[in-house]
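Here the structure is laid out as C-alpha coordinates; the discussion comes afterwards.
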Amino acid sequence: MENIRELMQTMTRRNGVLNKYCCSVDGIDISVAQSHILYEINRQHQPSIQQIADALGMDITTFSRQVQALVDSELVKKTPFPDDRRIQILSLTEKGKKINDYIETLMNSYYQDVFSHMTEFEKETVVRSLRLLNEAMGKTKQCCNPMGV
1 MENIRELMQT MTRRNGVLNK YCCSVDGIDI SVAQSHILYE INRQHQPSIQ
51 QIADALGMDI TTFSRQVQAL VDSELVKKTP FPDDRRIQIL SLTEKGKKIN
101 DYIETLMNSY YQDVFSHMTE FEKETVVRSL RLLNEAMGKT KQCCNPMGV
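Going by my numbering, the letters in the sequence shown line up with residues 1 to 149, in that order.
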(Lines of atoms letter the chains of each structure in order from A; the text may use other names.)
(Lines give C-alpha, C1' and ligand atoms only; values in the text may rest on other atoms or scores of the structure.)
Protein backbone atom coordinates (compact mmCIF):
# COMPACT_ATOMS: atom_id res chain seq x y z
CA MET A 1 0.00 0.00 0.00
CA GLU A 2 1.22 3.50 -0.79
CA ASN A 3 2.39 5.77 1.98
CA ILE A 4 -0.80 7.81 2.54
CA ARG A 5 0.91 10.27 4.87
CA GLU A 6 3.53 11.04 2.24
CA LEU A 7 0.86 11.63 -0.39
CA MET A 8 -1.07 13.96 1.94
CA GLN A 9 2.09 15.80 3.02
CA THR A 10 3.09 16.37 -0.61
CA MET A 11 -0.40 17.55 -1.54
CA THR A 12 -0.44 19.93 1.45
CA ARG A 13 2.91 21.44 0.44
CA ARG A 14 1.89 21.80 -3.20
CA ASN A 15 -1.34 23.53 -2.13
CA GLY A 16 0.73 26.10 -0.23
CA VAL A 17 -0.87 25.33 3.13
CA LEU A 18 2.52 25.57 4.86
CA ASN A 19 3.21 29.02 3.44
CA LYS A 20 2.87 31.92 5.87
CA TYR A 21 0.90 33.91 3.31
CA CYS A 22 -1.36 32.71 0.53
CA CYS A 23 -1.06 35.97 -1.34
CA SER A 24 -0.57 39.70 -1.16
CA VAL A 25 -3.36 41.89 -2.52
CA ASP A 26 -3.32 45.69 -2.59
CA GLY A 27 -0.36 45.68 -0.20
CA ILE A 28 -2.16 43.42 2.30
CA ASP A 29 -0.56 40.08 3.12
CA ILE A 30 -3.30 37.46 3.52
CA SER A 31 -2.43 34.34 5.52
CA VAL A 32 -3.78 30.95 4.52
CA ALA A 33 -6.04 30.97 7.61
CA GLN A 34 -7.34 34.43 6.72
CA SER A 35 -8.11 33.35 3.16
CA HIS A 36 -10.17 30.47 4.60
CA ILE A 37 -11.99 32.91 6.89
CA LEU A 38 -12.81 35.25 3.99
CA TYR A 39 -14.04 32.29 1.93
CA GLU A 40 -16.33 31.00 4.70
CA ILE A 41 -17.75 34.43 5.52
CA ASN A 42 -18.55 34.89 1.84
CA ARG A 43 -20.05 31.40 1.56
CA GLN A 44 -22.33 31.59 4.60
CA HIS A 45 -25.23 34.01 5.12
CA GLN A 46 -24.61 36.38 8.04
CA PRO A 47 -22.45 33.95 10.03
CA SER A 48 -21.50 34.52 13.63
CA ILE A 49 -17.90 34.44 14.80
CA GLN A 50 -18.56 31.05 16.44
CA GLN A 51 -20.11 29.57 13.28
CA ILE A 52 -17.06 30.41 11.17
CA ALA A 53 -14.62 29.24 13.87
CA ASP A 54 -16.53 25.93 14.08
CA ALA A 55 -16.65 25.55 10.28
CA LEU A 56 -12.87 25.98 10.12
CA GLY A 57 -12.14 23.86 13.20
CA MET A 58 -10.22 26.74 14.82
CA ASP A 59 -10.18 27.53 18.51
CA ILE A 60 -12.00 30.78 19.25
CA THR A 61 -8.93 32.60 20.63
CA THR A 62 -6.78 32.03 17.53
CA PHE A 63 -9.77 32.68 15.31
CA SER A 64 -10.60 35.98 17.06
CA ARG A 65 -7.05 37.25 16.49
CA GLN A 66 -7.25 36.39 12.80
CA VAL A 67 -10.65 38.08 12.45
CA GLN A 68 -9.41 41.18 14.28
CA ALA A 69 -6.51 41.46 11.82
CA LEU A 70 -9.04 41.27 8.97
CA VAL A 71 -11.19 43.95 10.67
CA ASP A 72 -8.11 46.15 11.14
CA SER A 73 -7.31 45.72 7.42
CA GLU A 74 -10.90 46.76 6.63
CA LEU A 75 -11.70 43.44 4.96
CA VAL A 76 -14.26 42.20 7.50
CA LYS A 77 -16.94 43.94 9.48
CA LYS A 78 -18.34 42.77 12.83
CA THR A 79 -21.92 43.73 13.63
CA PRO A 80 -23.83 42.89 16.83
CA PHE A 81 -26.72 40.47 16.22
CA PRO A 82 -29.97 42.41 16.83
CA ASP A 83 -31.59 39.75 19.06
CA ASP A 84 -28.48 39.13 21.16
CA ARG A 85 -25.81 41.82 21.10
CA ARG A 86 -23.23 39.43 22.59
CA ILE A 87 -23.18 37.60 19.24
CA GLN A 88 -21.10 39.23 16.51
CA ILE A 89 -22.12 38.73 12.86
CA LEU A 90 -19.33 38.76 10.27
CA SER A 91 -19.53 40.19 6.78
CA LEU A 92 -17.07 41.14 4.07
CA THR A 93 -16.51 44.80 3.30
CA GLU A 94 -16.32 45.86 -0.35
CA LYS A 95 -12.53 45.63 -0.04
CA GLY A 96 -12.90 42.17 1.53
CA LYS A 97 -15.18 41.02 -1.31
CA LYS A 98 -12.66 42.27 -3.85
CA ILE A 99 -9.80 40.38 -2.19
CA ASN A 100 -11.89 37.23 -1.74
CA ASP A 101 -12.86 37.36 -5.44
CA TYR A 102 -9.19 37.80 -6.38
CA ILE A 103 -8.15 34.78 -4.27
CA GLU A 104 -11.04 32.79 -5.78
CA THR A 105 -9.82 33.66 -9.28
CA LEU A 106 -6.24 32.68 -8.38
CA MET A 107 -7.34 29.33 -6.92
CA ASN A 108 -9.67 28.54 -9.83
CA SER A 109 -6.86 29.29 -12.27
CA TYR A 110 -4.47 27.08 -10.29
CA TYR A 111 -6.88 24.12 -10.20
CA GLN A 112 -7.78 24.61 -13.84
CA ASP A 113 -4.07 24.33 -14.65
CA VAL A 114 -3.69 21.26 -12.42
CA PHE A 115 -6.67 19.51 -14.02
CA SER A 116 -5.52 20.44 -17.53
CA HIS A 117 -2.90 17.70 -17.14
CA MET A 118 -5.64 15.06 -16.72
CA THR A 119 -8.25 13.48 -18.92
CA GLU A 120 -11.91 14.24 -18.16
CA PHE A 121 -12.25 10.76 -16.65
CA GLU A 122 -9.21 11.29 -14.40
CA LYS A 123 -10.54 14.68 -13.29
CA GLU A 124 -13.95 13.20 -12.42
CA THR A 125 -12.25 10.35 -10.57
CA VAL A 126 -10.13 12.76 -8.51
CA VAL A 127 -13.11 14.99 -7.64
CA ARG A 128 -15.22 11.97 -6.66
CA SER A 129 -12.32 10.59 -4.59
CA LEU A 130 -11.80 13.94 -2.84
CA ARG A 131 -15.51 14.03 -1.93
CA LEU A 132 -15.26 10.51 -0.48
CA LEU A 133 -12.09 11.39 1.43
CA ASN A 134 -13.64 14.58 2.85
CA GLU A 135 -16.76 12.68 3.95
CA ALA A 136 -14.68 9.97 5.63
CA MET A 137 -12.47 12.58 7.33
CA GLY A 138 -15.62 14.28 8.65
CA LYS A 139 -16.77 11.02 10.24
CA THR A 140 -13.59 10.18 12.13
CA LYS A 141 -13.32 11.01 15.80
CA GLN A 142 -9.62 11.87 15.37
CA CYS A 143 -10.25 14.91 13.16
CA CYS A 144 -7.14 17.06 12.91
CA ASN A 145 -5.61 15.46 15.99
CA PRO A 146 -4.46 11.94 15.09
CA MET A 147 -2.21 11.59 18.14
CA GLY A 148 -4.98 12.46 20.60
CA VAL A 149 -2.78 15.22 21.98
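Each residue gets a CB set at the ideal place from its N, CA and C atoms; glycine is no exception.
Given the structure is predicted, the values throughout are model-derived calculations rather than measurements.
Under the three-state DSSP convention, the category residue i falls into
{"i": "K141", "result": "coil"}
{"i": "D72", "result": "helix"}
{"i": "V59", "result": "The identity of residue 59 in the sequence shown is Asp, whereas the question assumes Val. Reduced to three states, the DSSP call for D59 is coil."}
{"i": "G148", "result": "Since pLDDT at G148 reaches only 44, below the 50 mark, its modelled position is unreliable, and the value read off the structure follows with that caveat. Note: G148 maps to coil in three-state DSSP."}
{"i": "H117", "result": "coil"}
{"i": "G16", "result": "coil"}
{"i": "N3", "result": "coil"}
For residue j and residue i, believed in contact at Cβ under 8 Å, the rounded distance
{"i": "I87", "j": "V67", "result": "Not confirmed; about 14 Å, so no contact."}
{"i": "I89", "j": "Q46", "result": "5 Å"}
{"i": "I52", "j": "I37", "result": "6 Å"}
Residues bridged to residue i (per DSSP)
{"i": "E79", "result": "Note that residue 79 is Thr in the sequence shown, not Glu. Beta-bridge pairing links T79 to I89."}
{"i": "D84", "result": "F81"}
{"i": "C23", "result": "I30"}
{"i": "S48", "result": "I89"}
Spatial neighbours of residue i in its chain, beta-carbon cut-off 8 Å, leaving aside the 5 residues before and after
{"i": "V71", "result": "K77, K78"}
{"i": "M147", "result": "With a pLDDT of 42 at M147, under the threshold of 50, the modelled position of that residue is not reliable, and no figure is offered here."}
{"i": "G16", "result": "C22, V32"}
{"i": "N108", "result": "none"}
6 Å Cβ shell around residue i - same chain, five flanking residues per side excluded
{"i": "D26", "result": "none"}
{"i": "K123", "result": "F115"}
Own chain partners of residue i with C-beta closer than 7 Å, once the 5 adjacent residues on each side are dropped
{"i": "A55", "result": "E40"}
{"i": "L106", "result": "C23"}
Determine contact between the segment 97 to 109 and the segment 35 to 53, defined as no fewer than three beta-carbon pairs at a distance below 8 Å.
Flag = yes, the segment 97 to 109 and the segment 35 to 53 touch.
Using 8 Å as the Cβ pair cut-off and three pairs as the minimum, do the segment 72 to 84 and the segment 129 to 140 touch?
no
With three or more beta-carbon pairs closer than 8 Å as the criterion, would you say the segment 103 to 116 touches the segment 46 to 63?
no
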